[in-house]
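A.B. asks: When we follow the numbering used here, the leftmost residue of the sequence shown carries the number 2, and every step to the right adds one.
Got a structure here, written out as structure tokens. Questions coming.
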Amino acid sequence: MVAFFRGKLAFAFKAVLLAGISALLVLLLISALGQKQYAIGIFLILVVIGLNFTYLTKVSIPLKFFYPGLIFLLGFVVAPIVFTLTMSTYNYKTGNYIGKTEAITQIQKLAIEPDASGSTFDIIVGKYNGTESAILASDTVKKQYFISTYDKRIDLNVADIKVNEYQVATEASNFKALADAELAGADKLLSTSRFFYTSEFFIALEGFDVGALYRQKLNFLANQDAFQNIATGAIYKDNGKGNYANVDVPGEILEPGWRAPVWFENYSKLFLDPKVREPLIRVFIWTVVFAVSSVLTSFAFGLLLALALNKPIRGRRIYRSILILPYAMPSVMSILIWGGMFNTEFGAINQLLGTDIAWFQSVTFARVAVIVVNLWLGFPYFYLVSSGALQAIPSELNEAAAIDGASPRQIFSKITLPLLLRILSPLLIASFAFNFNNFNLIYLLTGGGPKSTLDGDIAGATDILISYTYQIAFGSFTQDLGLASAISVVIFLLVASISLYGIRKSKVLESFV
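So this is what it looks like as structure tokens:
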């Protein structure tokens, strides 16, 4: 068996394995480059080079063990942090998702208005001279017939065409109608096509048999990087924030905009914009209250059970097995079950208490429900770690204190609890950080509600920072990914700072911090 990992056989096995992994990474690389995801492509190139260099040379034995973990750390921790930090400096929201070039194209396509007379034409889609996309148009009222391509119009005499019983042209010289199968394939192209009518107007299709007159409202001035309203002469220039804005009325912008760097504007909104600052402060206060309450209640209840079962009693193993059942069940399932139990009309809680409390419609009751459910989810964990920590405390300390005349309460408060807190400090800090970002509980149980629909505030009474960030990014009418990213960065810094401070104060892991 040992010989398998040495010699030529081992090298051949390693070469085949590396070749397979490298081939898979190259396929991902090709896919990334095909979708113009150049940052991902560069990362994959470096991964492939590093992979083969690490395992085909003797550069470092420890690196061979650390390399996979290092790659996953960079790919799934560092890269998202860098991406989020970058997004937080951009105006990246609904109306500003695309690039500038695409935005200009979209503005030109959308900035059209129909002819005031409402002129329409019966049309047939086909080819002119066998190559050019064109339409054969008929105005049966004015007896006007013509062929229109993208850049010209060819007027026709009645003698040059064939008409049906409705006086609609069906055939013309140098024009061939598309077959039904060809029309189906050209659907997307024709829906965005503009066929020439005059220098001011063009024909847009409204189906494959009707066209209407439209004209452009805005003219793009490429040399000035600006749009001009043809009717009013108003000029719209790049405002530096991802939109073309009216020079005279800066609040008037053209849609859509594009992704543009705004640097620290998203961060300044957190402190200077009342519409962002006020709900953010409310959410932050509740987040801290929720996280602290969850840790304290779960730890206190878990420790109480651990103390109760720390002494030999009949059936202790059965009790311990029952107490860890909530920890063994998937949290998603438990949260959804509790959500049903808190139902106002059919929930087991109201039926048991004989009340009709609207748990998720009242701010106070909704918050109580959230903390109760989190207590159910969290106490088994603290019961387990507290039981282990109690076993690690030498019994001689308690015995010596008892001999000195200390009461059980004094022994617990002066000896047991301080030692427990020192042992469990990192776990308490980790639990606080987890509950600070406990998205699943809020999203599945209350959805962040109840919310005030009158003032349009997207921050609900039970929203914590992470769920509020989700609402800003995906749950509101204006999905502001840039602002949500800025809040995510702030959350990261808050949790990191609080955790670091807590670890320093607990004097645990001193060699690391």
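All residues carry an ideal CB built from backbone N, CA and C; glycine is no exception.
Determine the burial state of ASN158: buried for a count of at least 16 other Cβ atoms within 10 Å of its Cβ, exposed for fewer.
C.D. replies: Looking up residue 158 in the sequence shown gives position 157. The residue is exposed, with fewer than 16 neighbouring Cβ atoms inside 10 Å.
A.B. asks: Could you check what DSSP says for ARG195 in three-state terms: helix, strand or coil?
C.D. replies: Working through the sequence shown from its first residue, we reach residue 195 at position 194. The answer is strand: DSSP assigns ARG195 an E or B state.
A.B. asks: Please name the residue, chosen from THR58, LYS270, ARG505, GLU400, that lies closest to ARG423 on a Cα-to-Cα basis.
C.D. replies: The residue you call residue 423 lines up with position 422 of the sequence shown. The shortest Cα separation from ARG423 among THR58, LYS270, ARG505, GLU400 belongs to ARG505.
A.B. asks: Assuming ALA546 is part of the alpha helix (DSSP H), what are its boundary residues?
C.D. replies: Nothing can be reported for residue 546: it is not among the residues displayed for the chain, which extend from 2 to 514.
A.B. asks: Please work out which residues of its chain come closer than 6 Å, Cβ to Cβ, to LEU495, disregarding the five sequence neighbours upstream and downstream, and give them in chain order.
C.D. replies: By 1-based counting over the sequence shown, the position of residue 495 is 494. Nothing meets the Cβ criterion.
A.B. asks: Is it buried or exposed, ILE286, if we count other Cβ atoms within 10 angstroms and call 16 or more buried?
C.D. replies: As a working mapping, residue 286 is identified with position 285 in the sequence shown. The residue in question, ILE286, is exposed, as its Cβ has fewer than 16 Cβ neighbours within 10 Å.
A.B. asks: Just checking my contact of LYS218 with ALA205 at CB under 8 Å: how many whole Å lie between their CB atoms?
C.D. replies: Along the sequence shown, one-based indexing puts residue 218 at 217. Along the sequence shown, one-based indexing puts residue 205 at 204. Contact doesn't hold; Cβ gap of about 14 Å is too wide.
A.B. asks: Considering ARG321, what are the terminal residues of the beta strand (DSSP E) in which it resides?
C.D. replies: Start at 1 with the first residue of the sequence shown, and residue 321 comes out as number 320. Not the beta strand (DSSP E): ARG321 falls in the alpha helix (DSSP H), residues 317-324.
A.B. asks: For chain D, find out if any of its Cβ atoms is closer than 9 Å to the Cβ of ASP405; answer yes or no.
C.D. replies: Here there is only one protein chain, and chain D is not present.
A.B. asks: Reducing DSSP to helix, strand and coil, say where LEU34 ends up.
C.D. replies: Residue 34 sits at position 33 when you count from the first residue of the sequence shown. Helix, per DSSP.
A.B. asks: Let me know the secondary structure DSSP gives GLY212 once reduced to three states.
C.D. replies: Indexing the sequence shown from 1 puts residue 212 at position 211. Reduced to three states, the DSSP call for GLY212 is strand.
A.B. asks: Tell me which same chain residues have a C-beta within less than 7 Å of the C-beta of VAL490, skipping the five on either side of it?
C.D. replies: As a first step, residue 490 is located in the sequence shown; it is residue number 489 there, counting from the start. Excluding residues within five positions, the ones whose Cβ falls inside 7 Å are THR85, LEU86, SER89.
A.B. asks: On the CB-based measure, 16 or more other CB atoms within 10 Å of its CB, does SER174 come out buried or exposed?
C.D. replies: In the sequence shown, the residue the question calls residue 174 occupies position 173. Counting Cβ neighbours within 10 Å, SER174 comes out exposed, since fewer than 16 surround it.
A.B. asks: Tell me ILE204's beta-bridge partners as DSSP assigns them.
C.D. replies: What you label residue 204 is simply residue 203 of the sequence shown in a count that begins at 1. The partner list for ILE204 (beta bridge, DSSP) reads PHE196, LEU214.
A.B. asks: Can you list, in chain order, the residues of its chain whose CB lies under 8 Å from that of ARG283, leaving out five sequence neighbours each side?
C.D. replies: Your numbering for residue 283 matches position 282 in the sequence shown. Hits under 8 Å: ALA460.
A.B. asks: Count the other CB atoms within 10 Å of the CB of TYR24; is the residue buried (16 or more) or exposed (fewer)?
C.D. replies: Locating residue 24 in the sequence shown gives position 23, counting from the first residue. For the record, residue 24 in the displayed sequence is Ala; it is not Tyr. Classification for ALA24: exposed.
A.B. asks: Does DSSP put SER396 in a helix, a strand or coil?
C.D. replies: Residue numbering aside, residue 396 sits at position 395 when the sequence shown is read from its first letter. Helix at SER396.
A.B. asks: I'd like to know whether the C-beta atoms of LEU13 and ASN267 end up nearer to each other than 9 Å.
C.D. replies: Here the question's residue 13 lines up with position 12 in the sequence shown. Here the question's residue 267 lines up with position 266 in the sequence shown. It is worth fixing the name first, because residue 13 is Ala in this sequence and not Leu. No; because the gap between Cβ atoms is not below 9 Å, this pair is not in contact.
A.B. asks: Do you know offhand how far PHE54's Cα is from GLY35's?
C.D. replies: Translated into positions along the sequence shown, residue 54 becomes position 53. Translated into positions along the sequence shown, residue 35 becomes position 34. Straight-line Cα distance between these residues: approximately 26 Å.
A.B. asks: Reducing DSSP to helix, strand and coil, say where LYS101 ends up.
C.D. replies: Here residue 101 refers to the residue found at position 100 of the sequence shown. Helix at LYS101.
A.B. asks: Taking one C-beta from the segment 97-105 and one from the segment 255-263 each time, how about it: are there three or more such pairs within less than 8 Å?
C.D. replies: In short, these stretches touch, since the Cβ pair count reaches three.
A.B. asks: With H, G and I counted as helix, E and B as strand and the rest as coil, what does DSSP make of ASP161?
C.D. replies: Indexing the sequence shown from 1 puts residue 161 at position 160. Helix.
A.B. asks: For SER269, count neighbouring C-beta atoms within 10 Å of its own C-beta (all shown protein chains included) and say buried if the count is 16 or more, exposed if not.
C.D. replies: Taking the sequence shown and counting its residues from 1, one reaches residue 269 at position 268. Flag for SER269 reads exposed.
A.B. asks: Considering ILE125, what are the terminal residues of the beta strand (DSSP E) in which it resides?
C.D. replies: Position 124 of the sequence shown holds residue 125. Where ILE125 is concerned, the enclosing beta strand (DSSP E) stretches over 121-129.
A.B. asks: So within the segment 337-369, which uninterrupted alpha helix (DSSP H) runs reach at least 4 residues, ignoring any that extend past its ends?
C.D. replies: If we require 4 residues or more, the alpha helix (DSSP H) runs fully inside the segment 337-369 come out as 349-354.
A.B. asks: Could you give the DSSP three-state label for LYS143: helix, strand or coil?
C.D. replies: In the sequence shown, residue 143 corresponds to position 142, counting from 1. LYS143: coil per DSSP, three-state reduction.
A.B. asks: At 4 residues or longer, and completely inside the segment 243-290: list those alpha helix (DSSP H) runs for me, N to C.
C.D. replies: List check, alpha helix (DSSP H) in window: 266-273.
A.B. asks: DSSP beta-bridge partners for SER414?
C.D. replies: Here residue 414 refers to the residue found at position 413 when the sequence shown is read from its first residue. SER414 is not bridged to any residue.
A.B. asks: Under 9 Å between the Cβ atoms of SER295 and ILE350?
C.D. replies: In the sequence shown, counting from the first residue as 1, residue 295 sits at position 294. In the sequence shown, counting from the first residue as 1, residue 350 sits at position 349. Taking 9 Å as the Cβ cut-off, SER295 and ILE350 do not qualify as a contacting pair.
A.B. asks: Which class does PHE12 belong to by DSSP, given the choice of helix, strand or coil?
C.D. replies: Walking along the sequence shown from the start, residue 12 turns up at place 11. The answer is helix: DSSP assigns PHE12 an H, G or I state.
A.B. asks: Do the segment 374-390 and the segment 316-332 touch if we need at least three Cβ pairs shorter than 8 Å?
C.D. replies: Result yes; three or more Cβ-Cβ pairs closer than 8 Å.
A.B. asks: Nearest to LEU111 by alpha carbon, out of ILE31, SER194, GLY303, GLU166?
C.D. replies: As a working mapping, residue 111 is identified with position 110 in the sequence shown. Minimum Cα distance to LEU111 is reached at SER194.
A.B. asks: Name the two residues that bound the continuous alpha helix (DSSP H) containing LEU466.
C.D. replies: The residue labelled residue 466 in the question sits at position 465 within the sequence shown. Its alpha helix (DSSP H) spans residues 466-471.
A.B. asks: If you compare alpha carbons, which of GLY208, ASN130, ILE162 is closest to LEU184?
C.D. replies: Within the sequence shown, residue 184 is the residue found at index 183, counting from 1. Looking at the Cα atoms, GLY208 is the closest of the given residues.
A.B. asks: In angstroms, rounded to a whole number, what distance separates the CA positions of ALA227 and PRO280?
C.D. replies: Taking the sequence shown and counting its residues from 1, the one referred to as residue 227 is at position 226. Taking the sequence shown and counting its residues from 1, the one referred to as residue 280 is at position 279. Their backbone Cα atoms lie some 37 Å apart in a straight line.
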